[in-house]
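>
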Amino acid sequence: MKVKKTIKQIIRHLVLAALALFWLIPIIWLFVTALGAEKGINTNHFFPEKWSLDNFAQLFFRPDTVANFPAWFKNSFIIGCACCVISSVFVLMVAYAFSCMRFKGRKALMNFSIIIGMFPGVLSMLAIYFVMKLLGLNDSLIGLIVVYSAGSGLGYLICKGFFDTIPVSLREAAKIEGASELTTFVRIVIPLSKPMIVYTVINSFMAPWMDFVMARIMINSKEPANWTVSIGLYNILQRTLIGDYFAVFCAGGLIVAVPLSILFVIMQKFYVEGITGGAVKG
Numbered sequence: 056m057k058v059k060k061t062i063k064q065i066i067r068h069l070v071l072a073a074l075a076l077f078w079l080i081p082i083i084w085l086f087v088t089a090l091g092a093e094k095g096i097n098t099n100h101f102f103p104e105k106w107s108l109d110n111f112a113q114l115f116f117r118p119d120t121v122a123n124f125p126a127w128f129k130n131s132f133i134i135g136c137a138c139c140v141i142s143s144v145f146v147l148m149v150a151y152a153f154s155c156m157r158f159k160g161r162k163a164l165m166n167f168s169i170i171i172g173m174f175p176g177v178l179s180m181l182a183i184y185f186v187m188k189l190l191g192l193n194d195s196l197i198g199l200i201v202v203y204s205a206g207s208g209l210g211y212l213i214c215k216g217f218f219d220t221i222p223v224s225l226r227e228a229a230k231i232e233g234a235s236e237l238t239t240f241v242r243i244v245i246p247l248s249k250p251m252i253v254y255t256v257i258n259s260f261m262a263p264w265m266d267f268v269m270a271r272i273m274i275n276s277k278e279p280a281n282w283t284v285s286i287g288l289y290n291i292l293q294r295t296l297i298g299d300y301f302a303v304f305c306a307g308g309l310i311v312a313v314p315l316s317i318l319f320v321i322m323q324k325f326y327v328e329g330i331t332g333g334a335v336k337g
């Protein structure tokens, strides 16, 4: 029995190692291409013949009309931080209202919001664009922030599940002491919801940081300095540019992943606790 168990474990680990290898190969290739001296796509060999940091230097210190990465990074960072704050506040407030408050039409409103959230966002993109164009907010960072943040409250469900696990007696004790709903929310519920706040903040930052489709629809400027990272890197993949900028594109792809990777590594414990805690109750 011990031999059979050992063989099964070996087979299981070999399968997992093979899957991990297949998953890592594209990332490794992206990394070594960014560190190579060649500017175009290298199809003759996996590892570059000459190593260089020139692609990263060009990305940050020699921006041009094609690759203006500092401006792209700044625009995406502004959008990500603004949406992170606004969306997190919206999600936490909506989740608190549905979890801790009782009012007429509460369940119907919850069901309606869940049904609305099931429809793909791509269905409303053109309508959103024309609405923002009428308001004069298309082709602007403010318009993108409004678009990303406006419907964020619909993502309340996991946060509500976490708030449901907080003892009702704590809120009742606060109300007996004369605390308002706002005071109870800020001073009782929020301090007990650190894992959920971390989960909400990461998701609120990650969505606009990684989005391409909505950003491409909203930003129509021909000036590269007005683009986000996703639009700028996609533009590099044009046939006329890819031969001279593909390695720079790989370097940009690695740099874009760095903030999210650091954020996940630092907040991983709270992120997992937020997901599991929010799944206890619906």
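Position in the sequence shown (from 1) plus 55 gives the number in this note's numbering. Glycine included, every Cβ here is placed at the ideal spot set by N, Cα and C.
Is the number of C-beta pairs between the segment 275-283 and the segment 253-261 that are closer than 8 Å three or more?
With fewer than three CB-CB distances shorter than 8 Å, the segment 275-283 does not count as touching the segment 253-261.
> Rounded to whole angstroms, how far is the Cβ of residue 202 from the Cβ of residue 273, which I believe are closer than 8 Å?
For the purposes of this step, residue 202 is taken as residue 147 along the sequence shown, with counting starting at 1. For the purposes of this step, residue 273 is taken as residue 218 along the sequence shown, with counting starting at 1. Between residue 202 and residue 273 the beta-carbon gap is near 6 Å, inside 8 Å, which marks them as a contact.
> In the DSSP assignment, what are the bridge partners of residue 91?
Start at 1 with the first residue of the sequence shown, and residue 91 comes out as number 36. In the DSSP output, where bridge partners are listed per residue, residue 91 has 106.
> Would residue 105 be called buried (16 or more neighbouring beta carbons within 10 Å of its own) or exposed?
By 1-based counting over the sequence shown, the position of residue 105 is 50. Exposed, since its Cβ has fewer than 16 Cβ neighbours within 10 Å.
> Does DSSP put residue 101 in a helix, in a strand, or in coil?
Residue mapping note: residue 101 aligns to position 46 of the sequence shown, counting from 1. Residue state, collapsed to three classes: coil.
> Could you tell me the distance, in whole angstroms, from the CA atom of residue 207 to the CA atom of residue 146?
What you label residue 207 is simply residue 152 of the sequence shown in a count that begins at 1. What you label residue 146 is simply residue 91 of the sequence shown in a count that begins at 1. Answer to the nearest angstrom: the Cα atoms are 6 Å apart.
> Considering only the alpha carbon of each residue, which of 151, 302, 319 lies closest to residue 112?
Numbered from 1 along the sequence shown, position 57 holds the residue referred to as residue 112. Here the closest residue by C-alpha is 302.
> What are the start and end residues of each continuous alpha helix (DSSP H) run of 4 or more residues lying completely inside the segment 230-281, in chain order?
236-239, 249-265, 268-273
> Any idea if residue 260 is buried or exposed, counting beta-carbon neighbours within 10 angstroms, 16 or more meaning buried?
Taking the first residue of the sequence shown as position 1, residue 260 is located at position 205. So residue 260 ends up on the buried side.
> Going by beta carbon distance, what residues of the same chain come within less than 7 Å of residue 215, once the five residues before and after it are set aside?
Locating residue 215 in the sequence shown gives position 160, where the first residue counts as 1. These residues qualify, in order along the chain: 150, 153, 154.
> State yes or no: is the C-beta of residue 91 within less than 7 Å of the C-beta of residue 103?
For the purposes of this step, residue 91 is taken as residue 36 along the sequence shown, with counting starting at 1. For the purposes of this step, residue 103 is taken as residue 48 along the sequence shown, with counting starting at 1. The answer is yes: Cβ separation under 7 Å.
> Alpha carbon to alpha carbon, what distance is there between residue 78 and residue 96?
The sequence position of residue 96 within the sequence shown is 41, counting from 1. The sequence position of residue 78 within the sequence shown is 23, counting from 1. For residue 96 and residue 78, the distance between alpha carbons rounds to 20 Å.
> CA-CA distance, residue 67 and residue 128?
Translated into the one-based positions of the sequence shown, residue 67 becomes position 12. Translated into the one-based positions of the sequence shown, residue 128 becomes position 73. Using only the alpha carbons, I get a separation of about 42 Å.
> Using the C-alpha atoms, what's the distance from residue 307 back to residue 168?
Within the sequence shown, numbered from 1, the residue matching residue 168 stands at position 113. Within the sequence shown, numbered from 1, the residue matching residue 307 stands at position 252. Whole-angstrom Cα-Cα distance: 37 Å.
> Smallest Cα separation from residue 265: which of 71, 138, 118, 74?
On the sequence shown, residue 265 is found 210 positions in, with the first residue counted as 1. Comparing Cα positions, the closest option is 138.
> Taking only three categories from DSSP, how would you classify residue 63?
Translated into positions along the sequence shown, residue 63 becomes position 8. Three-state DSSP puts residue 63 in a helix.
> Beta carbon of residue 304, beta carbon of residue 251: below 7 Å?
Against the sequence shown, residue 304 aligns to sequence position 249. Against the sequence shown, residue 251 aligns to sequence position 196. No; because the gap between Cβ atoms is not below 7 Å, this pair is not in contact.
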